[in-house]
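Student:
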Amino acid sequence: MLFYFLITSATVRGLKLQELPGLEALQVPGTKDGQTIVVCEGDNGVAYAWNRQNQTWDKIGEVIDGPDDGNGMKRPVLDGVQYDYGQPFDF
1 MLFYFLITSA TVRGLKLQEL PGLEALQVPG TKDGQTIVVC EGDNGVAYAW
51 NRQNQTWDKI GEVIDGPDDG NGMKRPVLDG VQYDYGQPFD F
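First residue of the sequence shown? That's 1 in full-length UniProt numbering, and the numbers climb one at a time after it.
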């Protein structure tokens, strides 16, 4: 049961993986140059952009979780400025 829960609750940048379209969505042409779509490839969300000149979807890359994507991690704040990553250390 735990394994099933982990799969069904997987998210990428706030998107649920099981709700993303599959690779078959890339068979439908885009409507404008630069249009983006995120599809599910295996256990990953992958972003594609429509290339109007070539009439193809160009792979942009894998969408990864950020620090504020509901994974329990908070972005560190120092002196009121929020950072993507922080490493504590002693002087």
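We put the beta carbon where it would ideally sit given N, CA and C, even for glycine. Since this is a predicted model, take the numbers as computed values, not measurements.
1) Go ahead and label residue 46 buried or exposed: buried means 16 or more other beta carbons lie within 10 angstroms of its beta carbon, across all protein chains shown.
2) Of the choices 82, 17, 78 and 57, whose alpha-carbon is the least far from that of residue 28?
3) Could you give the distance in angstroms between the alpha-carbon of residue 31 and the alpha-carbon of residue 80?
4) With burial defined as no fewer than 16 other Cβ atoms inside 10 Å of the residue's Cβ, what is the status of residue 39: buried or exposed?
5) Using only alpha-carbon positions, find the residue among 37, 77 and 54 that is nearest to residue 61.
6) For residue 34, which residues of its own chain have a beta-carbon under 7 Å away from its beta-carbon, when the five flanking residues on both sides are left out?
7) Out of 53, 15 and 59, state which residue places its alpha-carbon closest to the alpha-carbon of residue 23.
8) Which same chain residues, not among the five before or five after residue 44, have their C-beta less than 6 Å away from its C-beta?
Tutor: Inspection of the coordinates gives the following:
1) Here residue 46 refers to the residue found at position 46 of the sequence shown. When all chains shown are included, residue 46 counts as buried.
2) Start at 1 with the first residue of the sequence shown, and residue 28 comes out as number 28. Ranking the options by Cα distance to residue 28, first place goes to 57.
3) Within the sequence shown, residue 31 is the residue found at index 31, counting from 1. Within the sequence shown, residue 80 is the residue found at index 80, counting from 1. Their Cα atoms are separated by approximately 42 Å.
4) Sequence index remark: in the sequence shown, residue 39 carries index 39 (1-based). Residue 39 comes out buried.
5) The sequence position of residue 61 within the sequence shown is 61, counting from 1. Ranking the options by Cα distance to residue 61, first place goes to 37.
6) Counting from 1 along the sequence shown, the entry for residue 34 is found at position 34. Excluding positions up to five away in sequence, the list reads 49 and 50.
7) By 1-based counting over the sequence shown, the position of residue 23 is 23. Among 53, 15 and 59, the Cα nearest to that of residue 23 is on 59.
8) Here residue 44 refers to the residue found at position 44 when the sequence shown is read from its first residue. Excluding sequence neighbours, residue 44 sits near 62.
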